[in-house]
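2 protein chains.
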Amino acid sequence: MLSLFGSPERDAHRITTSMNDRFLRACRREPVDCTPVWFMRQAGRYMPEYRELRAKYTLLEICKKPELATQVTLQPLRLGVDACILFADILLPLEPMGASFEFAKGEGPVIHQPIENRSQIEKLRVIEPHEGLGYVLDAIAMCKRELNGRVPLIGFAGAPFTLASYLIEGGKSAHFAKTKRLMYSDPEAWHLLMSKLSDVVRLYLHAQIKAGADAVQLFDSWVGQLSAADYCEYVQPHVRGILQDVMKAGVPVIHFGTGTYSLLEPMRDAGGTVIGLDWRTPIEDGWRRVGYDRAVQGNLDPTLLFAPQPVLLKHVDRVLAEAGGRAGHIFNLGHGILPETPVENVQAVVEHVHKMSAR
Amino acid sequence: MLSLFGSPERDAHRITTSMNDRFLRACRREPVDCTPVWFMRQAGRYMPEYRELRAKYTLLEICKKPELATQVTLQPLRLGVDACILFADILLPLEPMGASFEFAKGEGPVIHQPIENRSQIEKLRVIEPHEGLGYVLDAIAMCKRELNGRVPLIGFAGAPFTLASYLIEGGKSAHFAKTKRLMYSDPEAWHLLMSKLSDVVRLYLHAQIKAGADAVQLFDSWVGQLSAADYCEYVQPHVRGILQDVMKAGVPVIHFGTGTYSLLEPMRDAGGTVIGLDWRTPIEDGWRRVGYDRAVQGNLDPTLLFAPQPVLLKHVDRVLAEAGGRAGHIFNLGHGILPETPVENVQAVVEHVHKMSAR
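Here the protein sequences come in this chain order: A and B.
Start counting at 1 in the first sequence, then tack on 205, and there's your number in this note's numbering.
Start counting at 1 in the second sequence, then tack on 205, and there's your number in this note's numbering.
Right under this line is the structure:
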């Protein structure tokens, strides 16, 4: 696979040493020897080697030091996953845009000055990725060298609605009341914010691909809070702008959200080579609605990883059965791995998916 | 409408003084002069007269003193709503069952000893409502006297999944990981817990009807976290047991949840005279799926109450248009009124619904 932006060295490297291309083949709906599997947040707190590193460094320190980010990104390789996803955070672009934040212990992200009005939105900078996000691009290049073609590397960014919700709520939210208040009350300010975030995200994803990412995922984690009508009015044009442009770079683009059973068609229409489905969307049903001209990714409930293995693996079988062996299914969870998840269960899922789906 | 359990005095009272029966007529899909409207959490923090009372009493004190609960229940009458809902909390039955809790400032409910194992479940008491919940029944009787037939009174209870999630998580939850872990890991213990909660809820709703409630709502607020397959296996039999039995009492039963776009058919099959729809389920679509032999309730996004009135009322019009003037629509939000909501917007919605839907 040739990147439109790749250097000859890197592309040569890709072509000669790529061993496991199951994930990329499935993204393109090509036949595979068995269903590829990776997990959102597969590098993280549930892994002892990650916790060991986190005892010494903060989350942001790990993100900002390419050698640490690379080390963490590659940790899940021992589980047999078919792709690595860069260790980073969707909020990283906010800092160079002018919205500083921190990860408060046990509380998740805290935006220092949440957005309350249009003048704050006007002050946000539309940055080029090398302004303040160079460390992410360096980490991608380093990951690619270290991976040495073993599995593809997935880059990612938060989608504008999800990023806007953190900026406006100041952190995680239950009802997204402030976000929607701005959206409904001042649509012009809303669209300005969305358009600034979209520009940054679009350039950021292009830069990640240029730096070596073999695929990218757009995380619209909280978009399932919106009705389809509001999604189409306030979100879809922006996401479409990002996805249609990034898809031109020639690598697979995964479009992901949770609680999106009522949004599948407009999300599909916005774009994405692969559409993410969560556990509330049965794959059979979701894939039919999305259309078989797209690949789908999902959709095990992450809490099933806490169940005894016979129960867990029965549900894995159900997911595979719903996908029906059709080319273009990437096995994943419906959302990220939870911190207390037993590592051995994650590994058991990888082995089981590979074994049960072997063609 | 005669209650199966009513005393002759109360029923006579109902028959002679009931002025506004729009809500009850709509529940039965009978023609109405205009669409009835009430709001989940219509008595609460957004109202100045409630905040004044809360300055003197805790939430639990208000629940437990029938004269205070009655006062709060009737506060939204000034907004012109077509029904009052008893001021109470879905967690109240947990205390006499043996699971004490408190409302921690700003944090929501905190269960003192969250359930972690089967032996704790075995110790939970299946109480009769007069054991420890007599104050709720007294408040219902007092509300009925004070209402004097102006509008119907709605009683309510939490559904077993939602109650179980609080018991197991110890409070609110983002991922319901502990709840689902118990559900998947020890289905026997799970079903024991669900069956104890269901017995309590069933008896409690019957007692509320006997005390004078003109309708009851079952709140399965968090059930939208489950896939339809898991809902059918772990929840539906219990909810069906409650609803089918309570519906025999002859008053309308509203079956409510949020994020239930993928669960509408199995929730409908479990029962309910009226099915609640949230803002992610367009009423047109939801009603078609639920079937026109049920009434539906909903579905304005509660955050729209923060929007400027022209925007808000445009969305109210959309909801009414989606309901298409069909008999059997009760206007409500998709979830409870949020604390900071401007009272004047709530009032504007009531007036607008009545005006625009006048037949």
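Every residue gets a Cβ at the ideal spot worked out from N, C-alpha and C, and that includes glycine.
Hey, quick one: how far does the beta strand (DSSP E) through residue i stretch, first residue to last?
i              : result
A420 (chain B) : 420-425
V501 (chain B) : 500-505
E307 (chain B) : 306-309
L358 (chain A) : 358-363
G316 (chain B) : Per the sequence presented here, residue 316 (chain B) reads as Ile, with Gly not at that position. First-last of the beta strand (DSSP E) with I316 (chain B): 313-316.
N537 (chain A) : 534-538
G481 (chain A) : 479-481
V458 (chain A) : 458-462
Between residue i and the rest of its own chain, which residues show a CB-CB distance below 7 Å, the 5 nearest in sequence each way excluded?
i              : result
Q514 (chain A) : N550, A553
R234 (chain B) : A500, A532, G533
S426 (chain A) : T367, G462, T463
I373 (chain B) : P319, I320, K383, T384, L387
P507 (chain B) : L538, G539, H540, G541, I542, L543
R494 (chain B) : L469, E470
H443 (chain A) : P365, M399, S400, S403
Going by DSSP, what residue range makes up the alpha helix (DSSP H) through residue i?
i              : result
G339 (chain A) : 339-352
L284 (chain B) : First-last for L284 (chain B): undefined, no H or E at that position.
L397 (chain A) : 392-416
Y262 (chain A) : It is not in any alpha helix (DSSP H) - Y262 (chain A) carries neither H nor E in the DSSP assignment.
V242 (chain B) : Careful: V242 (chain B) lies outside any alpha helix (DSSP H) and carries neither H nor E.
Q449 (chain B) : 441-451
A526 (chain B) : 514-528
R227 (chain A) : 227-232
D474 (chain A) : 469-475
K328 (chain B) : 323-328
E300 (chain B) : 299-302
M561 (chain B) : 548-561
W484 (chain A) : That residue, W484 (chain A), is in no alpha helix (DSSP H); it is neither H nor E in DSSP.
A274 (chain B) : 271-279
For chain B, find out if any of its Cβ atoms is closer than 7 Å to the Cβ of residue i; answer yes or no.
i              : result
R485 (chain A) : yes
S432 (chain A) : yes
T605 (chain A) : A question about residue 605 (chain A) goes unanswered here, because the residues of chain A that appear run from 206 up to 564.
A364 (chain A) : no
S370 (chain A) : no
S390 (chain A) : yes
P513 (chain A) : yes
T478 (chain A) : no
A382 (chain A) : yes
T263 (chain A) : no
Apart from the five residues on each side of it in sequence, which residues of its chain come closer than 6 Å, Cβ to Cβ, to residue i?
i              : result
L468 (chain A) : A433, Y436
A418 (chain A) : I345, L358, G360
H218 (chain B) : Below a pLDDT of 50, predicted positions are generally treated as unreliable, and H218 (chain B), at 42, falls in that range; the measurement from the model is reported next regardless. Nothing meets the Cβ criterion.
R246 (chain A) : G541, I542
F228 (chain A) : P241, D287, A288, P357
R330 (chain B) : M302, G303
Is there a C-beta anywhere in chain A that falls below 7 Å from the one on residue i?
i              : result
K385 (chain B) : yes
V524 (chain B) : no
P544 (chain B) : no
V548 (chain B) : no
T240 (chain B) : no
V516 (chain B) : yes
E214 (chain B) : Low local confidence applies: a pLDDT of 45 at E214 (chain B) is under 50, so the model's placement there is unreliable, with the coordinate-based value given in what follows. No, E214 (chain B) does not count as interfacial toward chain A.
Could you name the residues of the same chain whose beta carbon sits closer than 8 Å to that of residue i, not counting the 5 residues immediately before and after it, in chain order?
i              : result
L517 (chain B) : L509, L510, N550, A553, V554
L258 (chain B) : I267, L273, Q276, V277
K328 (chain B) : G303
E214 (chain A) : Per-residue confidence for E214 (chain A) stands at a pLDDT of 45, beneath the threshold of 50, marking its modelled position as unreliable; the derived number appears in the next sentence. Around E214 (chain A): no qualifying Cβ.
R256 (chain A) : R250
Flag residue i as yes if its beta-carbon sits less than 7 Å from any beta-carbon of chain E, otherwise no.
i              : result
G417 (chain B) : The question asks about chain E, but that chain is absent: this structure's protein chains are A and B.
task = Pull out every residue of the stretch 450-468 of chain A whose Cβ sits closer than 9 Å to any Cβ of chain B, in chain order.
result = Listed by position along the chain: G464, Y466, S467, L468.
key: Near-chain B residues of the stretch 274-302 of chain A - C-beta to any C-beta below 9 Å   = For the stretch 274-302 of chain A, the beta-carbon criterion of a distance under 9 Å to any beta-carbon of chain B is satisfied by none of its residues.
The stretch 486-493 of chain B in contact with the stretch 442-457 of chain B per 3-pair CB rule at 8 Å = A contact between stretches requires three or more CB pairs, one per stretch, nearer than 8 Å, and the stretch 486-493 of chain B fails this requirement with the stretch 442-457 of chain B.
query = Between the stretch 278-290 of chain A and the stretch 383-401 of chain A, are three or more C-beta pairs nearer than 8 Å?
reply = Verdict: no, contact absent.
ask   = Relative to chain A, which residues along the stretch 399-419 of chain B have a C-beta separation below 7 Å, given in chain order?
value = The stretch 399-419 of chain B vs chain A, Cβ under 7 Å: nothing.
query = If contact means a Cβ-Cβ distance below 8 Å, which residues of the stretch 497-513 of chain A contact chain B?
reply = Within the stretch 497-513 of chain A, the qualifying residues are D506, P507, T508, L509, F511, A512, P513.
ask   = Does the stretch 330-339 of chain A come close enough to the stretch 402-422 of chain A to have 3 or more Cβ pairs within less than 8 Å?
value = Segments in contact, yes.
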